[in-house]
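> Sharing a structure, written as structure tokens. Questions coming.
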Ligand SMILES: NC(=O)c1ccc[n+]([C@@H]2O[C@H](COP(=O)([O-])OP(=O)(O)OC[C@H]3O[C@@H](n4cnc5c(N)ncnc54)[C@H](OP(=O)(O)O)[C@@H]3O)[C@@H](O)[C@H]2O)c1
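What follows is the structure, encoded as structure tokens:
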């Protein structure tokens, strides 16, 4: 697929490498593409990345993502699947920028013609594209109102190494707040472990025969 990724940071680069390796046609979108020529990845402006995309990924700071998407424009984004990996956090990681809501919901509300799927934001960027590097299977969540958009996202997650059995659809876009608010606990676990390379594994009681 043609994938555009907004941002050139840790998440954007990890996803670009992962999906490029799986055979997708990926362009990173930057505010200043001329300053990002050393990434070993194709980098264009934000509008060009969006125009390229059958699937557009938001990997920008959640505090600025909605404004940045507005600068691209609703008509340019209409009909394009938007996978949102962003989380809005204060610089000290203690405050959410969308309390009692979520970035995913705010994007969906601002761009109703653009199906939004929230995923991958409950883990470190190094885990997003290497789930097999952890000691056992773990879980990636999907939130969104459009079932076809979630199916496409699921296939792209499989391409990053997430088998269908590890993908959990938790419901509509309002459930994005659960994924995003986990960031607060994520930071605590990271401090407790002294490491960021971990993930949630949802386990259930075995079915009674
Ligand atoms: N890092 C993780 O492990 C992780 C895990 C889960 C979720 N997330 C979320 O994923 C998103 C990206 O995280 P990241 O770690 O990749 O962030 P990052 O390394 O800081 O990169 C963010 C990118 O966004 C672009 N950007 C656009 N507008 C910006 C602005 N006003 N200020 C700063 N950067 C701006 C920048 O690219 P240009 O300068 O080229 O425009 C920048 O490279 C965030 O919302 C974060 O909360 C990150």
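Numbering (the numbering used here), first residue to last: -6 to 202.
For every residue, glycine included, the Cβ atom is placed at its ideal position computed from N, Cα and C.
1. Could you check where the alpha helix (DSSP H) with residue 18 kicks off and where it finishes?
2. Ordered along the chain, which non-local residues of its own chain (more than five positions away) have a Cβ less than 7 Å from that of residue 19?
3. Relative to the C-alpha of residue 71, which candidate in 152, 137, 172 and 109 has its C-alpha closest?
4. Give me whichever residues DSSP pairs with residue 3 in a beta bridge.
5. Just to confirm my understanding: we take residue 4, look at its own chain, exclude 5 residues before and 5 after, and list those with CB closer than 6 Å. What are they?
6. Can you pull the DSSP bridge partners for residue 160?
7. Taking only three categories from DSSP, how would you classify residue 166?
8. Whose C-beta lies closer than 6 Å to the C-beta of residue 217 among residues of the same chain, with five residues either side of it excluded?
9. Within 8 Å of any Cβ in chain B, is that where the Cβ of residue 29 sits?
10. Using the rule of at least 16 other Cβ atoms within 10 Å of the residue's Cβ for burial, across every protein chain shown, is residue 67 buried or exposed?
11. In this structure, how does DSSP classify residue 62 when only helix, strand and coil are distinguished?
12. Helix, strand or coil for residue 119 per DSSP?
13. In chain order, which alpha helix (DSSP H) runs of at least 4 residues are fully inside the segment 35 to 104?
14. Inspect the CB distances between the segment 96 to 114 and the segment 131 to 150 and report whether three or more fall short of 8 Å.
15. Just to confirm, is the Cβ distance from residue 112 to residue 154 under 8 Å?
16. Just checking residue 3 against ligand 3 - is the residue's beta carbon closer than 7 Å to any of the ligand's heavy atoms?
On the basis of the supplied data:
1. To locate residue 18, count along the chain shown from 1; it is residue 25. Residue range 18 to 23 is occupied by the beta strand (DSSP E) that includes residue 18, with no alpha helix (DSSP H) assigned at that position.
2. Counting from one through the chain shown, the residue named residue 19 turns up at place 26. So the list reads -4, -2, 9, 12 and 13, once near-sequence residues are dropped.
3. Against the chain shown, residue 71 aligns to sequence position 78. Measuring from the Cα of residue 71, the nearest candidate turns out to be 109.
4. Taking the first residue of the chain shown as position 1, residue 3 is located at position 10. Beta bridge pairing from DSSP links residue 3 with no other residue.
5. The residue you call residue 4 lines up with position 11 of the chain shown. Taken in chain order, the residues that qualify are 52, 78 and 118.
6. Locating residue 160 in the chain shown gives position 167, where the first residue counts as 1. Its beta-bridge partners are 133.
7. Position 173 of the chain shown, counted from the first residue, corresponds to residue 166. Looking at residue 166 - three-state DSSP - the assignment turns out to be helix.
8. In the structure as shown, the chain starts at -6 and stops at 202, and residue 217 therefore has no counterpart that could be examined.
9. Annotation note: the requested chain B is absent from the structure, which comprises a single protein chain.
10. Here residue 67 refers to the residue found at position 74 when the chain shown is read from its first residue. Answer is exposed; the Cβ neighbour count stays below 16.
11. Along the chain shown, one-based indexing puts residue 62 at 69. DSSP places residue 62 in helix when its eight states are reduced to three.
12. Walking along the chain shown from the start, residue 119 turns up at place 126. Reduced to three states, the DSSP call for residue 119 is helix.
13. 39 to 45, 58 to 65, 67 to 70 and 96 to 103
14. yes
15. Counting from 1 along the chain shown, the entry for residue 112 is found at position 119. Counting from 1 along the chain shown, the entry for residue 154 is found at position 161. Using a Cβ distance threshold of 8 Å, residue 112 and residue 154 do not count as a contacting pair.
16. Looking at this structure, you won't find ligand 3 anywhere; what it does contain is ligand 1.
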